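Each residue of the sequence shown is one higher than the last, beginning at 4 in the numbering used here. Using N, Cα and C, we set each Cβ at its ideal position, and we do this for glycine too. Just so it is clear, the structure is predicted and the values come from calculations on it, not from any experiment. Inspection log for the structure reproduced underneath, given as structure tokens.
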Amino acid sequence: MSDCNNALDDLYGYLDQEVSRYRRWRIRRHLRICEGCDNAFVFEQRLQVVVRQCLKEDVPPEFLARLRQSLHSDR
């Protein structure tokens, strides 16, 4: 169970490649043998792809203008 907790604690760092090479190796090894953690990894990996795709979409200029106006009127 502690291996699962450790793997899940570092999951986002692993996905963002922010953990050490040794830690990545340990997480990959754990994911190969633990279906529950691997399922969590696959879900988070897919979620990360969807979020990145959404961030690439163009924001309508009218929306940005209204947002700027709203931010300036709050001051």
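Secondary structure of residue i, DSSP reduced to three states
| i | result |
| --- | --- |
| residue 41 | helix |
| residue 64 | helix |
| residue 51 | helix |
| residue 13 | coil |
Rounded distance between the beta-carbons of residue j and residue i, thought under 8 Å
| i | j | result |
| --- | --- | --- |
| residue 34 | residue 44 | 6 Å |
| residue 26 | residue 12 | Contact doesn't hold; Cβ gap of about 10 Å is too wide. |
Of the residues the options, the one placed nearest residue i, counting alpha carbons only
| i | options | result |
| --- | --- | --- |
| residue 31 | 61, 10, 48 | 10 |
| residue 17 | 55, 5, 70, 51 | 51 |
| residue 38 | 66, 72, 71, 6 | 6 |
| residue 20 | 74, 8, 48 | 48 |
Classification of residue i by the beta-carbon crowding that lies within 10 angstroms, buried from 16 upward
| i | result |
| --- | --- |
| residue 1 | Any property of residue 1 remains undetermined from this structure, which presents the chain solely from 4 to 78. |
| residue 40 | buried |
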